[in-house]
Amino acid sequence: DGRFEVRGRHGKSVLTISGVKLTDLGRFDCEALSRIGGHQKSMFLDIEYIPKLLNNHTIFYSWEGNAVNISCDVMSNPPATMLWRRERFTISAEGTTNTRVHSAEGKSVLE
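Mapping to the UniProt record's numbering: the sequence shown position 11 is 11, numbers consecutive.
(1) Can you say whether residue 82 is buried or exposed, counting buried as having 16 or more other CB atoms within 10 angstroms of its CB?
(2) Among all the DSSP beta bridges, which residues are the ones paired with residue 14?
(3) As a quick exercise: from 72, 9 and 78, pick the residue whose alpha carbon is nearest that of residue 32.
(4) Would you tell me roughly how many angstroms separate the C-alpha atoms of residue 29 and residue 50, rounded to the nearest one?
(5) Would the region 60-76 and the region 32-43 be scored as touching if the rule is three or more Cβ pairs under 8 Å?
(6) Check for me: the beta strand (DSSP E) holding residue 52 runs from which residue to which?
(7) Output the distance between the C-alpha atoms of residue 12 and residue 6, rounded to the nearest integer angstrom.
(8) What would DSSP say about residue 81, mapped onto helix, strand or coil?
(9) With a Cβ-Cβ cutoff of 9 Å, do residue 53 and residue 74 count as a contact?
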């Protein structure tokens, strides 16, 4: 697409990517060739972005006396710190007698 532009002169080449997208993440190779040989160098484009919540569930159901797991899936770079709140109060990851928070990279479950 038209977002990639290569400019170069006098032994220097620059790749410009306009409007970087998450799909642009990955390896880029620069190669220099002459009639007597060549050399290649790989570089990695890492893209940072704010946390994006992946699940669409907003209502969870349970019956009185039963357990319920409320999950939250997130994608971000760098990895996000996840926490749960009820009203204005933070629910501790250590949990209480009735509530526990389990977190792994990109997922948090309130139990």
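For each residue, glycine too, the CB sits at the ideal point set by N, CA and C.
Values in this document were obtained by computation on a predicted structure and should not be read as measured data.
In terms of the structure at hand:
(1) The residue labelled residue 82 in the question sits at position 82 within the sequence shown. Taking all protein chains in view, the Cβ of residue 82 is crowded by 16 or more other Cβ atoms within 10 Å, so the residue is classified as buried.
(2) Locating residue 14 in the sequence shown gives position 14, where the first residue counts as 1. Answer is 7, bridged to residue 14.
(3) Sequence index remark: in the sequence shown, residue 32 carries index 32 (1-based). With distances taken between CA atoms, residue 32 lies nearest to 9 out of 72, 9 and 78.
(4) The sequence position of residue 29 within the sequence shown is 29, counting from 1. The sequence position of residue 50 within the sequence shown is 50, counting from 1. Cα to Cα, the separation comes out at about 27 Å.
(5) By the criterion of at least three beta-carbon pairs nearer than 8 Å, the region 60-76 is not in contact with the region 32-43.
(6) As a working note, residue 52 is residue 52 in the sequence shown. For residue 52, the uninterrupted beta strand (DSSP E) run begins and ends at 49-53, by DSSP.
(7) Translated into the one-based positions of the sequence shown, residue 12 becomes position 12. Translated into the one-based positions of the sequence shown, residue 6 becomes position 6. Their backbone Cα atoms lie some 11 Å apart in a straight line.
(8) Residue mapping note: residue 81 aligns to position 81 of the sequence shown, counting from 1. It is coil, neither helix nor strand.
(9) Here residue 53 is taken as the residue at index 53 of the sequence shown, counted from 1. Here residue 74 is taken as the residue at index 74 of the sequence shown, counted from 1. It is a contact, given that the beta carbons lie within the stated cut-off.
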